[in-house]
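Step one of this worksheet: look at the structure below.
Residue numbers (our numbering): 353 to 491.
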């Protein structure tokens with residue numbers, strides 16, 4: 353269940369990152385860009401996402417440190433292959449991963465609140481309406 357919840361949170365992060373990138377690319381007013389600090393916000397989003405899933409390495413030569421998703425998968429695999437009931441150490445690891453997941457969820461909630469504040473600023477400057485009404489560029 354924790355891995356399913358994590359997948360939902362990763363999707364939220366992907367959406368926040370995608371929207372931030374789109375707004376950054378369409379906000380031409382440098383004063384508003386500075387006020388929004390989208391590049392700093394995007395960096396914070398990427399740092400949070402990096403705690404959740406591996407974003408670097410090719411799993412052969414440059415394997416990255418396992419992140420929460422990989423830790424959860426590894427632990428579940430270990431528990432499933434264990435012949436008896438989960439050991440105390442495995443149960444403790446579940447608790448540790450659950451706490452780590454709750455901390456990340458809290459960070460995501462803060463990112464969502466920040467996004468809402470940035471949306472308010474965009475609306476106040478009538479930029480959000482302009483961005484939403486602009487047709488997408490055709491490649």
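For every residue, glycine included, the Cβ atom is placed at its ideal position computed from N, Cα and C.
{"Query": "Spatially closest choice to residue 368 from 453, 476 and 460, by CA coordinates", "Result": "460"}
{"Query": "Validate contact between the segment 359-375 and the segment 391-409 using beta carbons, cut 8 Å, 3 pairs", "Result": "yes"}
{"Query": "Length of the line joining the Cα atoms of residue 375 and residue 432", "Result": "44 Å"}
{"Query": "Residue of 418, 390, 388 and 387 minimising C-alpha distance to residue 402", "Result": "418"}
{"Query": "Rounded straight-line distance, which links the Cα of residue 462 to that of residue 427", "Result": "28 Å"}
{"Query": "Nearest candidate by alpha-carbon position, reference residue 473, set 384, 404, 464 and 378", "Result": "384"}
{"Query": "Own chain, CB closer than 7 Å to residue 466, minus 5 neighbours either side, in chain order", "Result": "393"}
{"Query": "Whole-angstrom C-beta distance between residue 455 and residue 354, which should lie under 8 Å", "Result": "The Cβ separation is near 13 Å, so there is no contact."}
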